[in-house]
Amino acid sequence: MPMGKIVPAREVDVGPQKLKGILNVPVDAKGLVIFAHGSGSSRLSPRNMRVAEELQSRGLATLLLDLLTPREAADRRNVFDVVLLAGRLVGATSWAEAQPELQGLAIGYFGASTGAAAALVAAAKPGNHVAAVVSRGGRPDVAEPMLMHVRSPVLLLAGSRDGEVVELNRRALKALRGTKEIVIVPGAGHLFEEPGAMEQVMQHALRWFLTYLPRD
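Every position in the sequence shown, counted from 1, becomes a number in this note's numbering once 317 is added.
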């Protein structure tokens, strides 16, 4: 498959809260992936930036986004408020759909930790058009009441050494009603810091998004 032409990323202000984001739109983009970061992380997360760069190289646009303002993030209760974060993600989706350079692109979510729960809750919202969701080391149990309403194809990624999270993801897999898959990355912990672990995350995320985002 030909590699996408990398173009410079740019800072954007998203939605009425002017949430800080980094948008990269390759030439002839095949879709857009919005990143929902976990607690204590931001749009500058090195791990998510690595994933974004890989997606960009294969022709997918990416939006790395802070779902809270700096003042909001200072209150730790907001960091774990999945309903608030999901609402911001829905708002970011509407913002993206209104951008001329992004119109017509199917939108997917890449969520990590509590950001994955927010992505699943947002994907379950009626009228929010999400073509695919990838969860990395996610806490889908936080979104459990909404899982049966998610119709987007969902890929759950967990590290084999992250025992509790593995079980939570397996339980979530049973609750999901649409297209779904779970991948347990051998030897990986919660942050996927082990050699080769993030490479596997990138390969599986790329496979999922290239399957479900591009439109004919």
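Backbone N, C-alpha and C fix where the C-beta goes; we use that ideal spot for every residue, glycine too.
Values in this document were obtained by computation on a predicted structure and should not be read as measured data.
Where the alpha helix (DSSP H) through residue i begins and ends
i           : result
residue 526 : 514 to 529
residue 410 : 399 to 414
residue 369 : 363 to 374
residue 387 : 387 to 390
residue 559 : Look at the range of the chain in this structure, 318 to 533, and you will see that residue 559 is not part of it.
residue 447 : Where residue 447 is concerned, there is no enclosing alpha helix (DSSP H), given that its DSSP letter is neither H nor E.
residue 396 : 393 to 396
Bridge-paired residues (DSSP) for residue i
i           : result
residue 453 : 429, 474
residue 337 : 330
residue 379 : 341, 350
residue 500 : 474
Local Cβ density within 10 Å of residue i, reported as buried at 16 or more and exposed below that
i           : result
residue 469 : buried
residue 325 : exposed
residue 399 : buried
residue 343 : buried
residue 354 : buried
residue 519 : buried
residue 430 : buried
residue 337 : buried
residue 391 : exposed
residue 427 : buried
residue 405 : buried
residue 526 : buried
residue 348 : buried
residue 477 : exposed
Cβ separation of residue i and residue j, assumed to be a contact under 8 Å, to the nearest whole Å
i           : j           : result
residue 529 : residue 425 : 7 Å
residue 467 : residue 440 : 5 Å
Kindly confirm or deny that the region 451 to 465 and the region 369 to 387 touch, where touching means at least three C-beta pairs closer than 8 Å. no
Three or more C-beta pairs below 8 Å linking the region 403 to 412 and the region 369 to 378: Contact between the region 403 to 412 and the region 369 to 378 is absent, with fewer than three C-beta pairs closer than 8 Å.
Counting Cβ pairs closer than 8 Å, one from the region 510 to 519 and one from the region 486 to 499, do we hit at least three? no
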